[in-house]
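Using this note's numbering, the first residue of the sequence shown is number 399, and each one after it goes up by one.
Note that beta-carbon positions come from the ideal geometry of N, C-alpha and C, so glycine has one too.
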Amino acid sequence: RGLASAEMFTRLDEVGKGDTFTIEVFDEILTYKVVDKIVVNPDETKKIAAVPGKDLVTLITCTPLGINTQRILVTGERVVPTPAADKALRGKKPDVPRFPWWVLGCFGSLCVVGGYVWWAGLP
């Protein structure tokens, strides 16, 4: 949502109570069930404070798309035990687009050619 060139949490506003998401930490899959979704101003940080005795995770992204004046907070509570289907995800690569390294290669090549043309004094 906050970065036009990346998907990341672009669809976080579509998540609802009862939906689940997984996080992989140190080769362990943790499953969380969404218990709350709110939109707040950036200075409302008390909404993400730790709650003693609860295993919660809050996902945060900017909204509205392209304006980014507010934040969407999606809070999930840990599901114990982790469902077997989620455990099967351990070690799998996420479906997230990778950084386009080829762009840097093209840019570098363009700089080298441009530098040579400038240095050689060609029109």
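For residue i, the residue or residues it bridges with in DSSP
i           : result
residue 460 : 469
residue 407 : DSSP, once it has assigned bridges, lists no residue as partnering residue 407.
Top-ranked residue by Cα proximity to residue i, from the options
i           : options               : result
residue 478 : 405, 428, 414 and 422 : 428
residue 490 : 423, 460, 458 and 432 : 423
residue 425 : 442, 486, 438 and 471 : 486
residue 415 : 406, 436, 421 and 405 : 436
residue 470 : 405, 438 and 444      : 438
residue 418 : 508, 405, 451 and 433 : 433
residue 462 : 516, 515, 519 and 412 : 412
residue 476 : 515, 420 and 507      : 420
residue 448 : 441, 442 and 456      : 456
residue 465 : 502, 440 and 516      : 440
Own chain residues within Cβ distance below 8 Å of residue i, not counting five before or after
i           : result
residue 497 : none
residue 519 : none
Where residue i falls, given that 16 or more other Cβ within 10 Å makes a residue buried
i           : result
residue 459 : buried
residue 474 : buried
residue 472 : buried
residue 430 : buried
7 Å CB neighbourhood of residue i in its chain, flanking five on each side removed
i           : result
residue 451 : none
Same chain only: Cβ atoms within 6 Å of residue i, ignoring 5 sequence neighbours per side
i           : result
residue 453 : 476
residue 488 : 427
Worksheet entry | Completely contained alpha helix (DSSP H) runs for the region 481-517, where each covers 4 or more residues | 482-485
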